[in-house]
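I have placed the structure first, in the form of structure tokens, so that the comments after it can refer back to it.
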Amino acid sequence: MVGIIGYGAYIPRNRIKVEEIAKVWGTDANSYRKGLFVEEKSVPSPDQDTITMSVEATHYALKRSGIDPQKIGAVYVGSESHPYAVKPSGTVLAEAIGATPEIHCADYEFACKAGSEAMFVCLELVRSGSMEYALAVGADTSQGAPGDALEYTAAAGAASFIMGKDNLLAEAVETYSFMTDTPDFWRREYQYYPRHASRFTGEPAYFKHIIGAAKGILKKVKLEPKDFKYAVFHQPNGKFPLKVGKLLGFKREQLDTGLLCPWMGNTYSGSSPMGLTAILDEAKPDDLILMVSYGSGAGSDAFVWKVTSRITEVQDKAPKTKEILNNNKNYIEYGTYAKYRGKIRKAE
Amino acid sequence: MREVAIIGVGMNKWGELWNKSLRDVFTEAALLAIDDAGVDHIDSMYVGCMSSGLFVGQEHLSSLLADYLGTNPIPAARIESACASGGLALRLGFIEVASGTSDIVLAGGVEKMTDVAVDGATFALSTAADQEYEVYHGITFPGLYAMMARAHMHKYGTTREQLAQVAVKNHHNGSMNPLAQFPQKVTVENVMKSVMIADPLRILDCSPITDGAAAAILCPMDLAKKITKKPLVKIIGSGNATDTIALHSRDDITEIGSTKVAGEKAFKMAGKKPENIDLAEVHDCFTIAEICVIEALGLVDKGKGGKATEDGLTALDGKIPINTSGGLKSKGHPVGATGVAQVCEVVKQLRGEAGDRQIKGAKVGLTQNMGGSGGSSVVHIMEVV
Amino acid sequence: MPSPRYWREIPQRYRLEASKCKGCGKVFFPPRLVCSSCKSREFEMVKLEREGKLITYTIIRVPPSQFTDQSPYAMGVVELNGGVKILSQIADCNLDKLEIGQKLRIEFRKIYNEGEAGIICYGYKCVPA
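So the protein lines, in turn, are chains A, B and C. Counted the way my numbering counts, the first sequence spans residues 1 to 348. Counted the way my numbering counts, the second sequence spans residues 1 to 385. Counted the way my numbering counts, the third sequence spans residues 1 to 129.
Set out below in structure tokens:
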């Protein structure tokens, strides 16, 4: 048996409302609020990036796991906003939590799926017996070009999971992945902002892969949507995960707990992993959770988690995801947002 | 130990001296001091300078300045203790004469700060703080002193107005000093409405960026009597002490421990007490600094520096006039030169040559010069004989 | 900042590693080679507490150039539980609501960038607890 022994999430305190962005670009805020079900998004401060958020989320995960960081065998950070193009995020994280030097580090990148693939690999490394614990992080300070549709959702956040064999708080009952080559969203080397193929990102990309992965894993574990207490899907906006859930046969109450995007935005590699943390904050022993990520390019990782009795012991050991989301918020204007996100051209 | 006199002092007009290089600025002041003393040579030289390397890209000042003063091959040393470099140069000159090693010693100080942009000056000055544990985190010198001010206000009830009154007083004094960089008078309202730099300190709480130099000629008392007919000013006390370089490492953020210890040493050597001091030039790099320093020296009670200023005790006509020259605030603060310029002022006062700002009957004067946020301090006590 | 200077301080900046004097128990941050109290040269590594209170503070409005993006920002002397004092930025606070004595905790943050192409310097900051 392998699974999660500790988890944590981190969200910067700054928020910008969809209306504030729409005001600048002269667009209709309601088309985003109602059409895409997005109200506001998190914005990192100038002193926050994928690494700093990963460290804080991991401090919370360590508190819940109660393990000695020196026993962690691998640190994998999944992100499409690693602060360095060349130099790992993982080594900074490993150093900050005191897990060096006997450790394997790698940075993962697969658009918004990088976090779940780190989780996937960590589970398998622990299952193989080559290490006692492995740490997986999904984190992003997501980029969206000014004025682009992505700008209304591209947000910042991190989720951290420690995988192990004993003292599980959620068992990984099954994993399943579904990949094809689909150019729906990309960022070329040296480009600052990602590009996307507009409506092509929907049906042949997001929906095809999530449905493919969800159906595949359900078949593998011989379960149906009604068997699950919770389901969480990648959240590029608030609308897509609700729609894909409905198409798969899930009810709204199974989806609500893990749905963060309307008030947090799309944290890219952190998206469905953070949704999972919000579910774990509320889950009870024996609850079944379906999680399906999506990364453009394209692919989905699916997980079936079964919550154990240990969950109730750890939920209060660190701040809960929705507490972090709702407390100490700081609403900023577009000018501050532009400054914080480096969107203002300055003197050399 | 030989008794040591100061027989000549020199200081040029301070300010933004665009036409003058570091070597020009220093040589001018040194020549003024040599002329004031009436000596035809010097035997040795100490020059206080904090950061010529960062300000003008020039180290090796011992050679450069002795060369341009035309005094090669005399021994020379450049002394650095951040903003206390000048005071420390004077102390080492004093020790050299007292020890009998040299007879006529020039102790000077210089800083040429305007050849770099504000960013460069901020960086150079910040090297006086702990680079890894203070500066790394984004602190500036106004910030360090602002934290002292905040703590002092919290602990002793010192008011924002009292801080402003330090600036008002020093600019008033400086208005009578023709060599001051900013001789303009300011009001409490001017200070309180000036731009905020690091809460609660505003721009008019801060000393300026200045080009300038100062020099003093030291010699044994016996020799002094033969050389000069001017009133003889004797160095009767000298103290130097250090404290943690990082402000946060100190037990009491409001107390400048190095000044307290250096002051006690100087008073002991001089056989004087704070109440014997007729005037003092102290290191008012920020308004709060003057308040903390006069407390550390025992010139006022601990925690009462703000009130003493408000009550006029430190004014020209007060019980203990502080910074009759205008202080760093008005006169300017070319960091390496400041400690020596303080001595220039005290010598002028004790000789009765201070013009409109003269303290009548001044016999004993004190100078206090400090580095960084108080990591080093030098105190001298002088008496006219 | 040259990389070696940054790298050398990583145990302190990332993990708050300090040295505790085996002679008198005094804790030094950063670690030292000789105790300023009892002159002992024997130390053990300890980690500082991650919570504390604000001793004094200021708001930097004229920052060094590498901090321009963060300006204005609060900085304070913080006494961590256990008694060691540090200087750090106070992030995520409302600048007009800081109070001496308020509770703070440590977070890992970016301190500054070495320009667009240099290394990214990380370390501790405090945030309201």
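Think of the CB as a built atom: it goes at the ideal place given N, C-alpha and C, for glycine as much as any other residue.
Output yes or no for whether 8 Å exceeds the beta carbon distance between residue i and residue j.
{"i": "B/Val282", "j": "B/Val293", "result": "yes"}
{"i": "A/Glu39", "j": "A/Ile16", "result": "no"}
{"i": "C/Ile59", "j": "B/Asp199", "result": "yes"}
{"i": "A/Gln349", "j": "A/Gly295", "result": "As displayed, chain A neither begins before 1 nor continues past 348, which places residue 349 of chain A out of reach and without an answer."}
{"i": "B/Val9", "j": "B/Val347", "result": "yes"}
{"i": "B/Val166", "j": "B/Ile79", "result": "no"}
{"i": "B/Gly263", "j": "B/Leu297", "result": "yes"}
{"i": "B/Val47", "j": "B/Ala84", "result": "no"}
{"i": "A/Ile311", "j": "A/Ala170", "result": "yes"}
{"i": "B/Thr140", "j": "C/Pro72", "result": "no"}
{"i": "B/Ala149", "j": "B/Leu163", "result": "yes"}
{"i": "B/Ala399", "j": "B/Gly237", "result": "No answer is possible for residue 399 of chain B: it lies beyond the span of chain B, which begins at 1 and ends at 385."}
{"i": "A/Gly73", "j": "A/Leu125", "result": "yes"}
{"i": "B/Gly86", "j": "B/Ala214", "result": "yes"}
{"i": "B/Val335", "j": "B/Leu232", "result": "no"}
{"i": "A/Asn327", "j": "A/Asn14", "result": "no"}
{"i": "C/Cys121", "j": "C/Tyr6", "result": "yes"}
Just to check my reading of the structure: residue i and residue j have Cβ atoms closer than 8 Å, yes? What is that Cβ distance to the nearest angstrom?
{"i": "A/Pro273", "j": "A/Met119", "result": "7 Å"}
{"i": "B/Lys329", "j": "B/Asp284", "result": "5 Å"}
{"i": "B/Asp278", "j": "B/Lys226", "result": "That pair is no contact at about 28 Å."}
{"i": "C/Leu48", "j": "C/Ala91", "result": "So it is not a contact: roughly 18 Å between Cβ atoms."}
{"i": "B/Leu32", "j": "B/Asn12", "result": "7 Å"}
{"i": "A/Phe185", "j": "A/Ala111", "result": "6 Å"}
{"i": "B/Gly321", "j": "B/Ile359", "result": "According to the sequence shown, residue 321 of chain B is Pro rather than Gly. Yes, B/Pro321 and B/Ile359 are in contact; Cβ-Cβ is about 5 Å, under 8 Å."}
{"i": "A/Tyr60", "j": "A/Gly8", "result": "3 Å"}
Can you tell me whether residue i is buried or exposed? The criterion is at least 16 other CB atoms within 10 Å of its CB, across all chains shown.
{"i": "A/Gly212", "result": "buried"}
{"i": "B/Pro142", "result": "buried"}
{"i": "B/Gly339", "result": "buried"}
{"i": "A/Leu248", "result": "buried"}
{"i": "A/Asn237", "result": "buried"}
{"i": "B/Arg202", "result": "buried"}
{"i": "C/Leu33", "result": "exposed"}
{"i": "A/Pro194", "result": "buried"}
{"i": "C/Arg41", "result": "exposed"}
{"i": "A/Ala347", "result": "exposed"}
{"i": "A/Arg199", "result": "exposed"}
{"i": "C/Pro4", "result": "exposed"}
{"i": "B/Gln368", "result": "buried"}
{"i": "A/Tyr192", "result": "exposed"}
{"i": "B/Met1", "result": "exposed"}
{"i": "B/Asn170", "result": "buried"}
{"i": "C/Leu95", "result": "exposed"}
Who are the neighbours of residue i on chain C, taking C-beta pairs under 8 Å?
{"i": "A/Thr52", "result": "Glu107, Phe108, Arg109, Lys110, Tyr122"}
{"i": "A/Asn328", "result": "Asp92, Pro128"}
Under 7 Å Cβ-Cβ, which residues of chain B neighbour residue i?
{"i": "C/Lys85", "result": "His248, Ser249"}
{"i": "C/Tyr14", "result": "What C/Tyr14 touches in chain B: nothing, since even the nearest Cβ is about 13 Å away."}
{"i": "C/Val34", "result": "Per Cβ cutoff of 7 Å: no residues; C/Val34 is ~14 Å from chain B at best."}
Interface residues of chain A around residue i at Cβ under 7 Å?
{"i": "C/Ile100", "result": "In chain order: nothing, as chain A lies at least about 20 Å away."}
{"i": "C/Gln70", "result": "Pro46, Asp47"}
Cβ closer than 7 Å: which chain C residues qualify as neighbours of residue i?
{"i": "B/Met50", "result": "Ordered by position in chain C, no residue passes the 7 Å Cβ test against B/Met50, which lies about 17 Å from the chain."}
{"i": "A/Val55", "result": "Phe108"}
{"i": "A/Glu95", "result": "Ile10, Tyr14"}
{"i": "A/Asp49", "result": "Lys110"}
{"i": "B/Asp36", "result": "Under the 7 Å cutoff, chain C gives no residues; its nearest Cβ is about 39 Å from B/Asp36."}
Give the interface partners of residue i over in chain A, defined as CB-CB distance under 8 Å, in chain order.
{"i": "C/Ile59", "result": "The premise fails here: C/Ile59 is roughly 16 Å from chain A at the closest Cβ pair, so nothing lies under 8 Å."}
With hydrogens ignored, establish whether the beta-carbon of residue i is closer than 7 Å to any heavy atom of the ligand ADP.
{"i": "A/Phe228", "result": "This structure lacks the ligand ADP; in fact it carries no ligand of any kind."}
Mind listing the chain B neighbours of residue i? Cutoff is C-beta to C-beta under 8 Å, in chain order.
{"i": "C/Phe43", "result": "Ordered by position in chain B, no residue passes the 8 Å Cβ test against C/Phe43, which lies about 17 Å from the chain."}
Using a Cβ cut-off of 9 Å, pull out every chain C residue sitting near residue i, in sequence order please.
{"i": "B/Thr127", "result": "What B/Thr127 touches in chain C: nothing, since even the nearest Cβ is about 12 Å away."}
query = Curious, which full-length beta strand (DSSP E) runs of at least 3 residues does the stretch 178-237 of chain B contain?
reply = Fully contained in the stretch 178-237 of chain B are the following beta strand (DSSP E) runs of length 3 or more, in chain order: 196-198, 212-220.
Return the chain-ordered ranges of every beta strand (DSSP E) run that is complete within the stretch 22-86 of chain B and spans a minimum of 3 residues.
-> DSSP runs (the beta strand (DSSP E)) wholly in the stretch 22-86 of chain B: 44-48, 76-79.
Q. Can you list, in chain order, the stretches of the alpha helix (DSSP H) that have 4 or more residues and sit fully within the stretch 275-304 of chain B?
A. Every alpha helix (DSSP H) of 4 residues or more that sits fully in the stretch 275-304 of chain B is shown, in chain order, as 287-296.
(request) Mind listing, in chain order, the continuous alpha helix (DSSP H) runs of no fewer than 4 residues lying wholly within the stretch 165-253 of chain A? (result) Qualifying alpha helix (DSSP H) stretches, in chain order: 208-221, 239-248.
Ordered list of alpha helix (DSSP H) runs contained in the stretch 137-186 of chain B, each at least 4 residues: The stretch 137-186 of chain B is shown to contain whole alpha helix (DSSP H) runs of 4 or more residues at 141-156, 160-174, in chain order.
**Prompt:** Which runs of the beta strand (DSSP E), 3 residues or longer, sit entirely within the stretch 13-92 of chain C?
**Reply:** Complete beta strand (DSSP E) runs here, min 3: 17-21, 43-47, 51-60, 73-80, 85-90.
_In chain order, what are the residue ranges of uninterrupted beta strand (DSSP E) at least 3 long that sit wholly in the stretch 24-80 of chain A?_
Correct list: 40-43, 72-78.
- Length-filtered (4 minimum) alpha helix (DSSP H) runs lying within the stretch 291-332 of chain A: DSSP assignment within the stretch 291-332 of chain A yields the following whole alpha helix (DSSP H) runs of 4 residues or more, N-terminal first: 311-314, 321-326.
Quick check for students: name the residue ranges of the alpha helix (DSSP H) that lie wholly in the stretch 76-160 of chain A, counting only runs of 4 or more. You should have 89-96, 114-127.
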